[in-house]
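In terms of the numbering used here, the sequence shown opens at residue 1 and continues consecutively. Cβ coordinates follow ideal geometry from the N, Cα and C atoms, glycine included. For clarity, every value in this text was computed on a predicted model and none was experimentally measured.
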Amino acid sequence: MNKGLLIIVSCGLALVLIFGLHFLFFEKEQEGSVTPPLTKLPQELRQEYLKFKEEYTKKKNQGYDLREAAWWIKEARKAYLEGDYKKAKEYLDKAFLALEEAEKIDFSLPETPEKGWNITEEPNTLIEKIPTVKDWVPIGITYNLEENNLLRYIPGYPWQQSCFIFVAIGESEEGDILFYQGRLPFEGGFAPRINVNGEYLRNVPVFKGGMYYYENGAEGYPYPTVLVYGTKGYKEILAYDEKNQTWYHEIIPPDENGLKIKIKAKALGVPFWMGPQEGPYIVHGAFSGVKDIDVWGGFWVVGKFEGTVKLPYKEEKEFSGYFLFDRATHIAYYAQQEYQGEACREIACPARGGVVEFSCMGIFHDNFTITLCDSKNPTPVNFPKFQHQGRINYIFNESYPFNDFTLKSFGPHLQPSSFELKGSFEEGTVDLKGKVIEYWPPKGWGRVEGTWWDPEGKRTWGRAFISWEGEIKFKGETIKVKDVIGIGEFTRFEGG
């Protein structure tokens, strides 16, 4: 199965802009260039720009917040490229004003919030409890259950995200290969990613929050169930049989010709705990937009699934394989300001932004599964220790914390091409090398320029399918690992 899977799932903003302007304004034209001749550029623009560059560099080295100045330099460059030198000068003037009014960045640690969730600097993978229904849907801790069975966040806390993410990698008896990622959005929207034999299904329904909770079951399931509605009459559900550690996931179409997915997944081993829903949480990463950290709790469960997939106007097929269910809750720890969303076009955008820098992954083998998260603090702030924890699961029906490991990435830092995982656990060692065989998004990880501590920095987010090989030693025996599939989610940061 794994070979089949492999076949299918086979300097910074401101300075770049500054030196780009320098080249465009002052370097000798190349033959055939559409850039206006040097003699036609106003002399005062040259002098003002050189002065700006000198002042910018000086203040950058002194730790000033230059995000607004960097914004106006970007606007000046746009105006120049459009041939509007008057507008370019206007924007340079605004860049000077922003430079003059810039304040030093406060790199001290924020005050611990009076209310909120406790955090720990120790791994939470020492927890071995089986998730209860309340761990899964923490009413009274994270949510209120309102009229019409609608779940809502308990107000007064800067909740960031609730993950109900179901990932399945499997194969049919006929040799068809499935990769599936479903998500029941608590807020916002999500379109499931369905790949059969290397092709992603297009025109899939989009599911949107709110989320509805039925303690006594729904849609034919007698177990506690959450439900979200999608476009064109679709529904998506997840039900949990706590007693048997079994999860039921379904995409329900409005008629017999629609997309239908029905999965029964049996959890194996011990969950990977980020933390109890009531805390303490671990630090997932630093926000790129404000001086705060994303902390999270909850759990992942892994195991094996069986299910059916029916694509629109096609025959139903049976699949089996591995699954991972991510049930995490994220919150902004220091909560310096109310959440304003990721999308923002203001100059010094106050949105919290993305979270950097983390690596979270699963590695799936018939005889074991490895799950881990490893984060690094890219900011100058001495935040509490970031997460570093793992678990090796159902290795010959046993499970161990796997917190003593090192994970290295190779290739371009903002989008690594390979990895090395080494470490030890109570009864053995791990020595694996992984090579990326496919990225998500397929065109590569998107880059965003600028963070609150470094306007010239770049950050990325993406997923990767990884082929692993090497060996695991367990109780004196050696398990050879070859062509083993893994999937990971990553963010990266590179300073200016």
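Assigned secondary structure, Gln-161 (DSSP; H/G/I helix, E/B strand, else coil): Counted from its first residue, the sequence shown places residue 161 at position 161. Strand, per DSSP.
DSSP state of Lys-482 mapped onto helix, strand, coil: In the sequence shown, the residue the question calls residue 482 occupies position 482. Reduced to three states, the DSSP call for Lys-482 is strand.
Alpha carbon of Glu-316 to alpha carbon of Val-309, nearest angstrom: Against the sequence shown, residue 316 aligns to sequence position 316. Against the sequence shown, residue 309 aligns to sequence position 309. Between Glu-316 and Val-309, the C-alpha separation is close to 6 angstroms.
Touching by the beta-carbon criterion (3+ pairs, under 8 angstroms), the stretch 285-294 and the stretch 257-267: no
Alpha-carbon spacing of Glu-477 relative to Phe-272, whole angstroms: Translated into the one-based positions of the sequence shown, residue 477 becomes position 477. Translated into the one-based positions of the sequence shown, residue 272 becomes position 272. Rounded to whole angstroms, Glu-477 to Phe-272 spans 25 angstroms at the Cα level.
Reference Tyr-400; option with closest CA among Thr-379, Gly-450, Val-270, Phe-107: Within the sequence shown, the letter at position 400 stands for residue 400. Considering only alpha carbons, the answer is Val-270.
Residue range of the unbroken alpha helix (DSSP H) whose run includes Val-436: Here the question's residue 436 lines up with position 436 in the sequence shown. Per DSSP, Val-436 belongs to no alpha helix (DSSP H); it is in the beta strand (DSSP E), 428-440.
CB of Phe-323 within 9 angstroms of CB of Ala-69, strictly: For the purposes of this step, residue 323 is identified with residue 323 of the sequence shown, where counting begins at 1. For the purposes of this step, residue 69 is identified with residue 69 of the sequence shown, where counting begins at 1. Taking 9 angstroms as the Cβ cut-off, Phe-323 and Ala-69 do not qualify as a contacting pair.
Cut-off 7 angstroms between Cβ atoms - residues of its own chain near Ser-409, not counting five sequence neighbours on either side: Your numbering for residue 409 matches position 409 in the sequence shown. Result list for Ser-409: Pro-416, Phe-419, in chain order.
Contacts around Leu-150, its chain only, beta-carbon distance under 7 angstroms, and the 5 residues preceding and following it disregarded: Mapped onto the sequence shown, residue 150 falls at position 150. So the list reads Gly-210, Tyr-212, once near-sequence residues are dropped.
Minimum C-alpha distance to Gly-198 - residue among Arg-183, Glu-171, Gly-188, Asn-216: Against the sequence shown, residue 198 aligns to sequence position 198. Checked all of Arg-183, Glu-171, Gly-188, Asn-216; the closest Cα to Gly-198 is Glu-171.
Glu-489 (DSSP reduced to helix, strand or coil): For the purposes of this step, residue 489 is taken as the residue at position 489 of the sequence shown. Correct three-state label for Glu-489: strand.
C-alpha distance - Phe-490 paired with Ser-108, whole-angstrom precision: In the sequence shown, residue 490 corresponds to position 490, counting from 1. In the sequence shown, residue 108 corresponds to position 108, counting from 1. The alpha-carbon atoms of Phe-490 and Ser-108 are separated by roughly 27 angstroms.
Proximity test, Lys-317 beta-carbon vs the ligand ADP heavy atom, cut-off 8 angstroms: By its list of ligands, the structure shown contains no ligand whatsoever, and the ligand ADP lies outside what it can speak to.
Rounded straight-line distance, which links the Cα of Glu-114 to that of Phe-396: Position 396 of the sequence shown, counting from 1, holds the residue named residue 396. Position 114 of the sequence shown, counting from 1, holds the residue named residue 114. Cα to Cα, the separation comes out at about 46 angstroms.
Pro-455 vs Leu-66 beta-carbon contact at 9 angstroms: On the sequence shown, position 455 is the one that residue 455 refers to. On the sequence shown, position 66 is the one that residue 66 refers to. With contacts defined by Cβ atoms closer than 9 angstroms, Pro-455 and Leu-66 form a contacting pair.
Own chain partners of Asp-84 with C-beta closer than 8 angstroms, once the 5 adjacent residues on each side are dropped: If you number the sequence shown from 1, residue 84 lands on position 84. Correct list: empty, nothing qualifies.
Beta bridge counterpart(s) of Lys-208 as assigned by DSSP: The residue you call residue 208 lines up with position 208 of the sequence shown. Lys-208 is bridged to Gly-189, Tyr-229.
Three-pair Cβ contact test at 8 angstroms for the stretch 274-285 versus the stretch 378-392: yes
Cβ-based neighbour list, Thr-369, same chain, cut-off 6 angstroms, excluding 5 preceding and 5 following: By one-based count along the sequence shown, residue 369 stands at place 369. Closer than 6 angstroms at Cβ, skipping near neighbours: Val-302, Asn-393.
Local Cβ density within 10 Å of Lys-104, reported as buried at 16 or more and exposed below that: Along the sequence shown, one-based indexing puts residue 104 at 104. Exposed, since its Cβ has fewer than 16 Cβ neighbours within 10 Å.
Backbone secondary structure at Leu-238 - three-state DSSP: Along the sequence shown, read from residue 1 onward, the residue named residue 238 stands at position 238. The answer is strand: DSSP assigns Leu-238 an E or B state.
Extent of the continuous beta strand (DSSP E) run through Arg-327: On the sequence shown, residue 327 is found 327 positions in, with the first residue counted as 1. Start and end: 316-332.
Beta-carbon proximity list for Ala-239, same chain, < 6 angstroms, skipping 5 on both sides: Along the sequence shown, read from residue 1 onward, the residue named residue 239 stands at position 239. Correct list, in chain order: Tyr-221, Tyr-223, Thr-225, Tyr-248.
Alpha-carbon spacing of His-330 relative to Lys-232, whole angstroms: On the sequence shown, position 330 is the one that residue 330 refers to. On the sequence shown, position 232 is the one that residue 232 refers to. Rounded to the nearest angstrom, the two C-alpha atoms are 30 angstroms apart.
Nearest-angstrom beta carbon gap, Ile-472 and Ile-479 [assumed within contact, 8 angstroms]: Translated into the one-based positions of the sequence shown, residue 479 becomes position 479. Translated into the one-based positions of the sequence shown, residue 472 becomes position 472. Correct: roughly 4 angstroms between the Cβ atoms.
Minimum length 3: unbroken beta strand (DSSP E) runs contained in the stretch 342-386: Runs found: 358-365, 368-375.
Through-space distance from Cys-360 to Asp-374, alpha-carbon basis: Within the sequence shown, the letter at position 374 stands for residue 374. Within the sequence shown, the letter at position 360 stands for residue 360. Those two C-alpha atoms are separated by around 6 angstroms.
Nearest-angstrom Cα separation, counted from Leu-126 out to Glu-75: Position 75 of the sequence shown, counted from the start, is the residue given in the question as residue 75. Position 126 of the sequence shown, counted from the start, is the residue given in the question as residue 126. Taking the straight line from one Cα to the other gives about 51 angstroms.
Tyr-229 vs Pro-253 beta-carbon contact at 9 angstroms: Within the sequence shown, residue 229 is the residue found at index 229, counting from 1. Within the sequence shown, residue 253 is the residue found at index 253, counting from 1. No, they are not a contact pair.
The alpha helix (DSSP H) enclosing Lys-522, as first and last residue numbers: The displayed coordinates of the chain run from 1 to 496. Any statement about residue 522 would go beyond what the structure contains.
Euclidean distance between Cα positions of Thr-460 and Arg-46: Here residue 460 is taken as the residue at index 460 of the sequence shown, counted from 1. Here residue 46 is taken as the residue at index 46 of the sequence shown, counted from 1. When rounded, the distance between both Cα atoms is 34 angstroms.
First through last residue of the alpha helix (DSSP H) which encompasses Ile-73: Position 73 of the sequence shown holds residue 73. Segment 67-81, the alpha helix (DSSP H) holding Ile-73.
Status (buried if at least 16 other CB within 10 Å, exposed otherwise) for Leu-432: Counted from its first residue, the sequence shown places residue 432 at position 432. Looking at its Cβ environment, which holds 16 or more other Cβ atoms inside 10 Å, Leu-432 is buried.
Euclidean distance between Cα positions of Gln-245 and Gln-62: For the purposes of this step, residue 245 is taken as the residue at position 245 of the sequence shown. For the purposes of this step, residue 62 is taken as the residue at position 62 of the sequence shown. In this structure, the straight-line span from the alpha carbon of Gln-245 to that of Gln-62 is close to 56 angstroms.
For Tyr-91, three-class secondary structure by DSSP: Here residue 91 refers to the residue found at position 91 of the sequence shown. Of the three classes helix, strand and coil, the one that applies to Tyr-91 here is helix, per DSSP.
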